[in-house]
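All remarks here apply to the structure that follows.
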Amino acid sequence: MQKAIHKTRDKNYARRLTAMLMLHRGERVSDVARTLCCARSSVGRWVHWFTLSGAEGLKSLPAGRSRRWPFEH
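Note that the sequence shown covers residues 35 to 107 in this note's numbering.
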């Protein structure tokens, strides 16, 4: 997981992975939130995503509205 933290260019993904690593080491959710300057609810949401989908679930989604299907003429 530490390699993924250093390899990624997505700072939010790295932050979420760091939170999972800190929790795995035994730190409390409130301490992780304080260290990463985020809300405890955010850390809880990340844990939920990690539980459902693993590290892939922590990746950021693309910004913006999804593409529309082309209309057929």
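We put the beta carbon where it would ideally sit given N, CA and C, even for glycine. Since the structure is predicted, the reported quantities are computational estimates derived from the model, not experimental observations.
In this structure W80 is in contact with A53, their Cβ atoms being roughly 6 Å apart against a cut-off of 8 Å. E90 and R49 have their C-alpha atoms some 14 Å from each other. Judged by their CB atoms, A67 and R74 are nearer to each other than the 8 Å cut-off. DSSP places S87 within a helical segment (H, G or I) once states are collapsed to three.
A straight-line Cα-Cα distance of about 11 Å links T69 and V77.
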